[in-house]
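Below: the structure, in structure tokens.
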Amino acid sequence: YSLGATVAAQVELGEAYFQELATRQLAKAANQQLEAEQQQSTFAAATDYFELAKAKALVGVASEALRISSDYETQLGQLVEVGRAFKGDVLRVRVQSERNRLAVARRSSSSASPPPVCPRRCIWTQPSNSCRPMPISCR
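Note that our numbering gives residue 517 to position 110 of the sequence shown, counting from 1, and the numbers run on in steps of one.
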């Protein structure tokens, strides 16, 4: 018991220091998570690009095989007409041409369809700090 006015202030320096440390570590962890998400998005985009390039190249290869087999079929047909080739060879090449035609159709239709999109994937944009969906494949 004392007479007069007293000022009592309790300063918790340890608690303030650790609170500030925890805040810094949370900010650092958030930045690292952002960097990891950006790297994953970049990797997914690069992977999808190479898949698209591969599909386009396969369509080109199948188209070229179709062109070559069709030309060969035409040449063999002309040789059969003049009696210099066997008709069975023409039929064999015709079957191969049809296989190539199916391969072109199959590859063209599969490369035209977009890759599946993972609806929960998003990337945090720097300026607005909002989550916007990115069209990347689920892996």
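Where a beta carbon is used, it is the ideal one built from N, C-alpha and C, also for glycine.
Between 507, 438, 496, 425, which lies nearest to residue 467 when the distance is taken from Cα to Cα?
-> When only C-alpha atoms are compared, the closest one is 507.
Is the region 468–485 touching the region 497–512, taking contact as three or more C-beta pairs under 8 angstroms?
-> A contact exists between the region 468–485 and the region 497–512.
For residue 498, count neighbouring Cβ atoms within 10 angstroms of its own Cβ and tell me buried if that reaches 16, exposed if not.
-> Burial check for residue 498: the Cβ neighbour count within 10 Å stays below 16, so the residue is exposed.
Could you check the C-alpha separation between residue 439 and residue 446 for me, to the nearest Å?
-> Going by the C-alpha atoms only, they are around 11 angstroms apart.
Shortest alpha-carbon distance to residue 513 belongs to which of 493, 434, 470, 491?
-> Just measuring C-alpha positions, the residue of 493, 434, 470, 491 sitting nearest residue 513 is 470.
For residue 451, count neighbouring C-beta atoms within 10 Å of its own C-beta (all shown protein chains included) and say buried if the count is 16 or more, exposed if not.
-> Buried.
Please work out which residues of its chain come closer than 6 angstroms, Cβ to Cβ, to residue 437, disregarding the five sequence neighbours upstream and downstream, and give them in chain order.
-> Same-chain partners within the cutoff: there are none.
Contact belief for residue 483 with residue 472 at Cβ below 8 angstroms, rounded distance in angstroms = The C-beta separation of residue 483 from residue 472 comes to about 16 angstroms, leaving the pair out of contact by the 8 angstroms criterion.
When burial is assigned at 16 or more other CB atoms within 10 Å of the CB, is residue 480 buried or exposed?
-> Residue 480 counts as buried, since at least 16 other C-beta atoms from the protein chains shown sit within 10 angstroms of its C-beta.
Residue 462 and residue 517 look like a contact to me (Cβ under 8 angstroms); what is the Cβ gap, rounded to whole Å?
-> In this structure, residue 462 and residue 517 form a Cβ contact; the two beta carbons are roughly 7 angstroms apart against a cut-off of 8 angstroms.
Under 6 angstroms Cβ to Cβ from residue 465, same chain only, skipping five residues before and after it: list those, please.
-> Cβ neighbours of residue 465 beyond the five flanking positions: 514.
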